[in-house]
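Residue numbers (this note's numbering): 1 to 940. We treat Cβ as the ideally placed atom computed from N, Cα and C, and that holds for glycine.
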């Protein structure tokens with residue numbers, strides 16, 4: 001059971017297991033209607049017809065991963081995943097991404113797990129044939145044009161990915177060390193999926209060819225197509241595009257014996273972090289084998305949110321941990337059960353370990369209670385159900401492929417859910433006793449210090465002689481016979497008709513706005529209580545107050561304590577969260593339809609009757625200081641707050657991150673929190689946005705009974721302050737030893753209500769909003785400077801920032817900034833060519849249905865209607881507005897809003913290595929900020 005990722009689905013489900021004490025008929029097991037066939041060449045084809053939206057998810061799994069890698073080639077399966085996005089015989093390099101994005105594709109990517117590699121796209125239903133054409137050409141004709149240039153580029157990209165996601169990621173090296181401690185060298189799971197720098201760099205073109213020939217044949221793959229399809233026509237298309245491909249040699253499933261851990265293994269790893277973190281890991285049964293589901297439930301009981309044992313004891317009661325987590329990571333050869341806990345400031349790792357051990361001993365010796373097991377099962381099942389709203393990405397299509405690989409049955413869902421529902425306290429205790437023994441574990445402790453990183457330099461490539469012709473494979477090396485018709489891009493079918501959700505609105509007498517969208521089909525309801533006051537309303541001397549206030553809502557009411565709130569929500573199988581943005585504060589709720597009414601009771605209670613207990617204020621004060629310390633470890637977060645400070649200035653609410661500063665957190669009083677809540681959490685300043693399987697009449701009755709007593713009060717006036725940033729154009733935060741530089745090139749942008757919004761969206765798509773954008777194509781695909789770079793406008797009620805952001809190779813910091821400014825200037829200097837305009841514009845228009853797949857997506861869009869004062873039919877009119885954008889309008893918007901001479905460069909990295917690269921760029925005197933993004937305090 002893949003509970004570590006919460007990726008399962010439940011269809012045709014109308015009821016839910018009731019809370020303890022309720023009596024009802026047994027809940028019918030969920031089912032999913034699918035059709036599975038196998039082509040003569042061995043390709044497994046799984047079709048699901050789902051016409052909720054005019055979109056289709058295409059998801060291909062190749063049954064190969066690190067479990068199949070040869071010694072000395074760690075990370076090769078993942079490197080090869082990148083290679084599959086290079087050119088093929090009929091599709092030049094970069095063309096597939098441009099075509100798919102221009103067709104409106106969303107969730108377009110690939111992924112490597114230990115046992116499989118996946119490639120997926122979600123496209124408008126009339127573009128299914130385009131997606132099949134692209135995926136088929138990769139399977140059939142990649143080798144025909146594979147060359148060293150593509151391999152070298154992707155080696156650069158993957159090594160940048162390792163630097164960003166492992167070496168510069170807080171605790172990334174610590175987590176990697178856990179796998180080294182659990183498995184012996186040579187075991188397929190010993191190395192991280194991404195592999196080592198040396199092995200990535202040592203991969204040869206012949207290795208790529210052999211890997212493809214061995215593992216990428218149709219008989220080692222399965223394709224799931226789910227969505228708005230006609231199954232007969234789709235089956236014919238799959239046969240046309242994939243049916244002629246030759247089989248590869250048979251692939252035997254890996255047979256690896258994992259030696260058991262017979263005595264505790266202990267490792268200490270130093271990393272660029274401020275707080276100790278402990279990882280404990282055990283070897284556990286493979287996916288879908290006895291003990292797997294029991295341990296998934298155990299993980300939820302131990303570390304699944306605020307109702308879990310570790311949270312209650314270590315975070316809430318003893319206040320020695322900053323955060324806790326537990327997961328059963330189910331894999332094909334062997335699974336792992338992992339607990340990770342971060343210490344609070346001043347707490348030693350050994351004290352943390354002793355506290356974890358005490359909770360494990362308690363669970364081993366006495367087992368969980370019936371209510372704990374019910375809470376875990378209910379929470380897991382709701383999370384599983386929620387994933388089916390999404391067809392692509394890691395949703396429905398991916399889960400069918402997952403079941404198909406690990407059980408051979410795409411329809412394993414009913415058995416999977418039945419197994420979850422059958423788990424008893426005795427089952428959990430038995431599994432914990434059997435597998436989570438102290439002598440059978442590895443303990444890896446991450447401590448502050450200088451990390452050891454093996455990142456060998458690449459020797460310079462030999463100078464090229466005369467320009468060579470593009471490489472092609474000799475005829476005897478090509479796997480499949482060329483078919484001339486494949487050179488022609490398929491035509492799109494008739495455009496599907498679709499109306500974006502509009503929602504209905506009504507008001508209670510006290511002024512509370514209610515926005516409702518009825519979405520039947522799945523028994524889920526998502527609700528957001530939105531208050532039109534966020535961090536932009538913070539007093540200048542108390543940054544972070546809005547976020548602190550929102551955080552306190554879950555920490556007790558007049559009738560419920562913080563633990564009671566967490567337990568009641570979990571017992572209902574619901575999820576409750578609070579948070580703030582720049583323009584709003586939110587309380588979010590996700591619930592099964594059957595339990596929405598009692599879940600809404602709790603939401604109303606925390607919004608209308610928060611108690612702000614003094615003890616809870618102090619707990620959350622310590623938590624926020626711990627979060628701030630952790631934020632200092634993350635270069636991209638540091639870059640974001642430093643950019644805010646230099647753009648808006650220390651006297652502006654937007655000059656800080658959502659947490660604020662440590663002095664402000666320490667200075668906040670209970671009275672400050674209560675005052676912010678009283679002034680801003682008033683019905684006239686709020687909206688309840690609900691999307692899901694609930695009719696308007698029923699919702700209106702529920703809302704009136706729970707919110708009508710909310711007393712009307714004056715709506716606060718939102719102040720408008722002008723940015724007062726510093727004059728510096730070059731801002732640096734020193735992180736000695738950092739292997740990459742977190743970059744931001746930023747300037748003041750525009751407000752959400754600007755009439756230029758459509759043109760700016762198209763502009764940004766072309767510049768940095770798409771994978772095939774100018775910035776990403778230049779810095780990633782051409783130069784190999786970064787794993788990825790992007791740009792965006794943050795549209796606030798008052799002008800938010802324009803941002804270009806990405807982590808780049810340390811030695812390419814200056815060159816990356818130079819290229820960013822070159823691309824920004826190019827947008828100003830010339831209109832977009834017609835083909836590029838079409839791609840950027842169509843990507844915005846045609847992808848819109850995919851942005852409204854889930855209730856949470858719809859709710860967030862409807863919330864923006866309220867926050868920014870947009871008309872209810874805004875999204876119905878948006879496609880036509882985007883479609884009408886011209887190249888002249890894009891260029892005019894670029895000249896108006898992209899002013900390079902006023903943009904600031906923020907760099908977080910190793911000052912000694914990067915400042916010499918930045919100084920020649922003519923950006924003036926460097927402004928140095930600390931790891932909180934603030935200017936150093938002057939000595940008194």
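Query	Result
Whole alpha helix (DSSP H) elements within the segment 181 to 254, 4-residue minimum	197 to 202, 205 to 215, 231 to 242
Per-residue burial, residue 668 [other beta carbons within 10 Å of its own, 16 or more giving buried]	buried
Whole-angstrom C-beta distance between residue 511 and residue 712, which should lie under 8 Å	6 Å
Bridge partner(s) assigned by DSSP for residue 49	227
Residue 83: first and last residue of the uninterrupted alpha helix (DSSP H) it sits in	76 to 83
Residue 626 - containing beta strand (DSSP E), residue span	Residue 626 -> not in any beta strand (DSSP E); alpha helix (DSSP H) instead, spanning 614 to 631.
C-alpha gap between residue 471 and residue 826, whole angstroms	Below a pLDDT of 50, predicted positions are generally treated as unreliable, and residue 471, at 47, falls in that range; no measurement from the model is reported.
Cα-Cα separation, residue 846 to residue 610	43 Å
Proximity of residue 943 and residue 259 at Cβ, strictly below 8 Å	As shown, the chain starts at 1 and ends at 940. That puts residue 943 outside it, with no answer to give.
Check whether residue 815 and residue 168 have beta carbons under 8 Å apart	no
Buried versus exposed, by CB contacts within 10 Å (16 or more), residue 303	buried
Opening and closing residue of the alpha helix (DSSP H) in which residue 754 lies	Per DSSP, residue 754 belongs to no alpha helix (DSSP H) and is neither H nor E.
Coil, strand or helix - residue 904 by DSSP	strand
Supposed close pair residue 403, residue 409 - CB separation, criterion 8 Å	6 Å
For residue 288, three-class secondary structure by DSSP	coil
Member of 925, 311, 333 whose CA lies at the smallest distance from the CA of residue 323	311
Between the CA atoms of residue 639 and residue 841 - distance to the nearest angstrom	30 Å
Straight-line Cα distance separating residue 683 from residue 556	21 Å
Meets three-Cβ-pair contact criterion under 8 Å: the segment 778 to 790 and the segment 157 to 165	yes
Beta-carbon proximity list for residue 766, same chain, < 8 Å, skipping 5 on both sides	773, 774, 827, 832, 836, 837, 839, 840, 890
Rounded separation between residue 692 and residue 699 - CA only	10 Å
Cα-Cα separation between residue 622 and residue 212, rounded to whole angstroms	52 Å
Residue 377 versus residue 574: straight-line alpha-carbon distance, rounded	11 Å
Residue 266, enclosing alpha helix (DSSP H) - first and last residue	No alpha helix (DSSP H) holds residue 266; the beta strand (DSSP E) holding it covers 265 to 271.
In DSSP terms, what residue 121 is bridged to	58
Distance CB(residue 629)-CB(residue 274) smaller than 8 Å	yes
Rounded separation between residue 121 and residue 153 - CA only	23 Å
Cβ-Cβ distance between residue 603 and residue 702 below 8 Å	no
Where residue 787 falls: helix, strand or coil (DSSP)	strand
Closer than 7 Å: residue 268 CB and nearest the ligand FMN heavy atom	This structure lacks the ligand FMN; in fact it carries no ligand of any kind.
Exposed unless 16 or more other CB atoms sit within 10 angstroms - verdict on residue 257	exposed
Collapsed DSSP secondary structure at residue 437 in the structure displayed	coil
Outcome for residue 84 when other beta-carbon atoms lying within 10 angstroms are tallied against a minimum of 16	buried
Neighbourhood of residue 150 by C-beta distance below 6 Å, restricted to the same chain and skipping five residues each side	86
Residue 498, enclosing beta strand (DSSP E) - first and last residue	First-last for residue 498: undefined, no H or E at that position.
Rounded straight-line distance, which links the Cα of residue 740 to that of residue 198	18 Å
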